[in-house]
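Using UniProt numbering, the first residue of the sequence shown is number 1, and each one after it goes up by one. Below is one structure, written out as structure tokens; the observations come after it.
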Amino acid sequence: MRIGITCYPSHGGSGVVATELGKLMAERGHQVHFITYDMPFRLGHFFHNIHYHEVEANRYAVFRYPPYDLALASRMAQVAKLHQLDLIHVHYAVPHAICAYLAKEMVDDSFKVVTTLHGTDITVLGEDPSLRDIICFGINQSDAVTAVSDDLIRQTKEMLCIDRPLERIYNFVDQRVYSPRDISDIREQCARPEEKILLHISNFRPVKRVPDVIRIFDQVQKKVPAKLLLVGEGPEWSLAVEMAQERGLTDKITFMGKQDEVARLISLADLLLLPSAKESFGLVALEAMACGVPTVGSNAGGLPEVVADGETGFLSGIGEVEAMADHAIRLLSDPDLYRRFSEMGLERARDRFCAEKIADQYEDLYQRVIDGKRSHT
């Protein structure tokens, strides 16, 4: 197959999944063409069967804002025509599904469009009345639509009154990258032997509830010797720094900024904290699970589909800091319980979210769409 992929090429979960999926498809012998404004950060070097096509928005003076969506649609059409693409898989409904629809019209319906919904394109943008109709249009005009969790499918149908088939295909983890590692030499630089390492990775937006991470850690470190690694940057980074200073935790919290090699960082940790207000899937929880690291967090959105509460981690209601801290202390204080959660997490990641199994599902979907068969409900 000749597959186009458009995503946001940033550090977000959708960009990670789109890039890793493209790499898996290329390994299977398919021709993969990334069409976006920057090189996806998970590519970085040469991969056989993978091509990158940059999108540049015209900065003509009469445009108040560079029309990226029109430039993207035009570039999609050019690449589709030149390389005879069978389909373009877009990640996020807006603007990508709309751009793919325009490109498809430009080249006389010569390729199919698969749209994957990742979360905020529905749970945030879908609440904006000015965008709701165009999101619905992009979804309805796609040849197939997938979502990364059953909860996201439920929200999409409720919020947008969508009645077309939406197929759930979970995010995945490549266990060649995410697996338990012995990096004791690096760990020694982050914490003393008796200290546990707690980890939080996010874009520091309010929805991630980073202040709750600080509050949870503050309670944990009073009972268990511990350090906290905060990975990422965003709007609430300064607030997190301020809270750490106010609570006298600056010597116990390390702000690591954005990091590319998160698999190594996760292997450093004993526990992942994820108290989010919204998580359509929770990719970082899956990545942690694949490294044998349990998650303590909220039961928001699709997280209960990833983390088996009481088996591979503990989930509590949004904002229930006391309960999350108690769960973290319990796990970190009971070696047998911790080992059981870690082993069950490894098994769950391998059996339910294996990259090869998810790639099989996408490959089957692509072929069905190309053959003109309807997506499953």
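Ideal Cβ positions, reconstructed from N, Cα and C, are used throughout, including at glycine.
Cα-Cα, which of the options is closest to residue i?
i	options	result
Glu305	Gln84, Tyr52, Arg176 and Ala285	Ala285
Ile201	Ser267, Ile186 and His33	Ser267
Ser10	Leu24, Val17, Gly22 and Phe41	Phe41
Lys125	Ala103, Thr295, Pro95 and Asp150	Here residue 125 turns out to be Leu, not Lys, going by the sequence shown. Comparing Cα-Cα distances from Leu125 to each of Ala103, Thr295, Pro95 and Asp150, the minimum goes to Pro95.
Phe314	Glu322, Gly302, Ala328 and Ala103	Ala328
His118	Met1, Tyr170 and Gln221	Tyr170
Val213	Val62, Ala191 and Val241	Val241
His53	Tyr65, Pro225, Lys223 and Tyr37	Tyr37
Val107	Lys81, Tyr92, Thr120 and Leu131	Lys81
Leu265	Gln189, Tyr362, Ala26 and Asp351	Gln189
Arg330	Ala349, Gly310 and Gly317	Gly310
Ser276	Leu87, Phe353 and Thr295	Thr295
Lys227	Gly257, Leu271 and Leu239	Leu271
Leu87	Ala349, His51, Phe353 and Gly4	Gly4
Glu343	Asn49, Gly292, Gly317 and Met324	Gly292
residue 388	Arg192, Leu131, Leu239 and Phe281	Outside the displayed span of the chain (1 to 377) sits residue 388, for which this structure offers no information.
Glu158	Glu279, Arg132 and Asn299	Arg132
Gln175	Glu347, Asp185, Asp371 and Thr123	Glu347
Glu287	Gly345, Glu127 and Ala93	Gly345
Val79	Ile35, Ala61 and Asp128	Ile35
Ala300	Ala269, Thr123 and Asp182	Thr123
Phe8	His91, Arg187, Gly372 and Thr156	In the sequence as displayed, the identity of residue 8 is Tyr instead of Phe. That would be His91, whose Cα lies nearest to the Cα of Tyr8.
Ile186	His89, Ala269 and Val114	Ala269
Glu127	Thr115, Gln155, Thr116 and Gln141	Gln155
Using the C-alpha atoms, what's the distance from residue j back to residue i?
i	j	result
Arg59	Ala100	22 Å
Pro67	Glu105	19 Å
Val369	Gln84	16 Å
Val321	Leu198	15 Å
Met135	Leu152	Note on residue identity: the sequence assigns Ile, not Met, to residue 135. Near 15 Å, if we compare the C-alpha coordinates of Leu152 and Ile135.
Ala73	Ala103	5 Å
Val173	Ser110	32 Å
Leu273	Val210	9 Å
Val177	Ala263	7 Å
Thr312	Ala355	19 Å
Thr6	Glu195	43 Å
Thr377	Phe204	The pLDDT assigned to Thr377 is 46, lower than 50, so where the model puts this residue is not dependable; a value taken from the coordinates is nonetheless given after this. Their Cα atoms are separated by approximately 35 Å.
Phe255	Val231	6 Å
Val307	Trp237	26 Å
Gln31	Glu20	14 Å
Asp260	Gly234	16 Å
Ala359	Met76	23 Å
Arg168	Tyr366	14 Å
Ala18	Asp326	36 Å
Gly29	Lys112	19 Å
Gly13	Leu283	6 Å
Ser316	Ala57	44 Å
Arg350	Met289	9 Å
Ser298	Ile139	29 Å
Ser179	Met324	25 Å
Arg64	Val55	18 Å
Lys208	Phe137	29 Å
Gln361	Pro335	37 Å
Asp121	Val16	16 Å
Gly257	Lys357	33 Å
His51	Phe281	28 Å
Leu24	Leu239	39 Å
Glu279	Ile318	11 Å
Pro129	Met1	38 Å
Ser333	Arg339	11 Å
residue 392	Asp150	Summary: the structure shown does not reach residue 392, with the chain confined to residues 1 through 377, and so no result is reported for it.
Bridge partners for residue i per DSSP, in chain order?
i	result
Ile88	Gly4 and Val113
Tyr52	Phe34
Val145	Thr115
Gly257	Val231
Val173	Cys354
Arg168	Ala147
Kindly say whether residue i, judged by its beta-carbon, lies nearer than 8 Å to any beta-carbon of chain D.
i	result
Lys227	No chain D is part of this structure, which consists of one protein chain only.
What I want to know is whether the C-beta of residue i ends up closer than 7 Å to one or more non-hydrogen atoms of the ligand PLP.
i	result
Ile162	In terms of ligand content, the structure shown is empty, and the ligand PLP therefore cannot be addressed.
Determine contact between the stretch 159-173 and the stretch 133-151, defined as no fewer than three beta-carbon pairs at a distance below 8 Å. yes
For a minimum of 4 consecutive residues, which ranges assigned as the alpha helix (DSSP H) are wholly contained in the stretch 268-333? Runs of the alpha helix (DSSP H) inside the stretch 268-333: 283-290, 303-306 and 321-333.
At least three beta-carbon pairs within less than 8 Å, the stretch 246-264 to the stretch 214-231: yes
Please specify which runs of the alpha helix (DSSP H), each continuous and at least 4 residues long, are wholly inside the stretch 194-239, giving them in chain order. 210-223
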